[in-house]
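Report on the following structure.
Numbering (this note's numbering), first residue to last: 201 to 507.
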């Protein structure tokens, strides 16, 4: 089975706009979004959580066909993939991978092969020219790029806004339970670590295109058109995008934030969730090198930065 080309990996820290960007890319001609494939086996195959189409994973015709083409049956692959993930797809291995020390090559190859099969099968079922995986994790991006061709889109967002989002209560649409919450300090440390990892991936020669969430909201059509050009995608007429809204169709996405279920018109606007002043300054201080490099400023709205 041939790999789907291109495979586009959307990376960055959670709550930075990766799901929104994936959904917008998924409206381009010939592009199929898959959601967070890293969680497919645990949350889709194992927990039978709903697909973005609203049906349970086990009842979704799209994912049923993908599993049949890729593995014959999803459950045949679950135990092996989860075991391999615990062995090779770990954040602590990123520094070694960044300097070229791969290690555990046989296990890494087997792990990446499982993703490659999913991508290729999804492309066949959807008759897609490009596949989008919004798994986000830098460690997975390093695993995949060690073996296969991958185009990485690195999404960044003002860390103060990310911290505000992580401290707020967001409920899972699947069961109403609150999603994980982090303190601003913890968010700042993870924001810095994840973004540094993607910067190091670029320095290794991997094609990494940076997109700021704020730019996407301020000028969605221009941002999506520019990104499509960088990725070699056909942007079409972008008729689904307006100045402050987008029109989304049904997407077969596994895992991700509640936006993966959105269908129809959605608003594209900033939703302020302010932090107390001392927490804003703490987050700014902890993330300062990349905070400034990405065009953010302590006292005034973010300016447009380079992608």
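From the three backbone atoms N, C-alpha and C, an ideal C-beta is built for every residue, glycine too.
Computed from a predicted model, the values in this text were never measured in an experiment.
| Item | Value |
| --- | --- |
| Residue 380 - DSSP class collapsed to helix/strand/coil | coil |
| 6 Å CB neighbourhood of residue 430 in its chain, flanking five on each side removed | 409 |
| Cβ contact (3+ pairs, closer than 8 Å) linking the region 282-292 and the region 309-329 | yes |
| Beta bridge counterpart(s) of residue 526 as assigned by DSSP | The shown model of the chain, from 201 to 507, leaves out residue 526, and the question about it has no answer. |
| CB of residue 433 within 7 Å of CB of residue 228, strictly | yes |
| Minimum length 4: unbroken alpha helix (DSSP H) runs contained in the region 390-463 | 413-418 and 420-431 |
| Three-way DSSP call (helix, strand, coil) for residue 257 in this model | helix |
| Extent of the continuous beta strand (DSSP E) to which residue 351 belongs | 351-356 |
| Whole-angstrom distance between residue 476 and residue 210, CA atom to CA atom | 30 Å |
| Nearest-angstrom Cβ-Cβ length linking residue 332 and residue 233, presumed shorter than 8 Å | 4 Å |
| Proximity of residue 243 and residue 455 at Cβ, strictly below 7 Å | yes |
| Any chain D beta carbon closer than 7 Å to residue 304 | Of the protein chains in this structure there is only one, and it is not chain D. |
| Residues of its chain near residue 265, where Cβ-Cβ distance is below 7 Å and the 5 sequence neighbours each way are ignored | 325 |
| For residue 339 and residue 395, the rounded distance between their alpha carbons | 12 Å |
| Terminal residues of the alpha helix (DSSP H) in which residue 288 lies | 274-288 |
| Residue nearest to residue 321 in terms of C-alpha spacing, selected from 419, 462 and 207 | 207 |
| Counted within 10 angstroms of its Cβ, other Cβ atoms place residue 273 as buried (16 or more) or exposed | exposed |
| Where residue 302 sits in the DSSP three-state scheme | coil |
| For residue 353 and residue 220, the rounded distance between their alpha carbons | 13 Å |
| Nearest candidate by alpha-carbon position, reference residue 490, set 349, 359 and 269 | 359 |
| Proximity winner among 278, 367 and 407, relative to residue 248 (alpha-carbon distances) | 278 |
| CB of residue 294 within 7 Å of CB of residue 342, strictly | yes |
| Collapsed DSSP secondary structure at residue 243 in the structure displayed | helix |
| Exposed unless 16 or more other CB atoms sit within 10 angstroms - verdict on residue 305 | exposed |
| Residues near residue 267 in its chain [Cβ-Cβ closer than 6 Å; skip 5 each side] | 274 |
| Endpoints, beta strand (DSSP E) assigned at residue 487 | Element bounds for residue 487: n/a, residue is neither H nor E. |
| CA-to-CA distance, residue 388 to residue 366, given in whole angstroms | 10 Å |
| Identity of the residues DSSP links to residue 266 by a beta bridge | Paired residues: none, contrary to the question. |
| Length of the line joining the Cα atoms of residue 357 and residue 482 | 16 Å |
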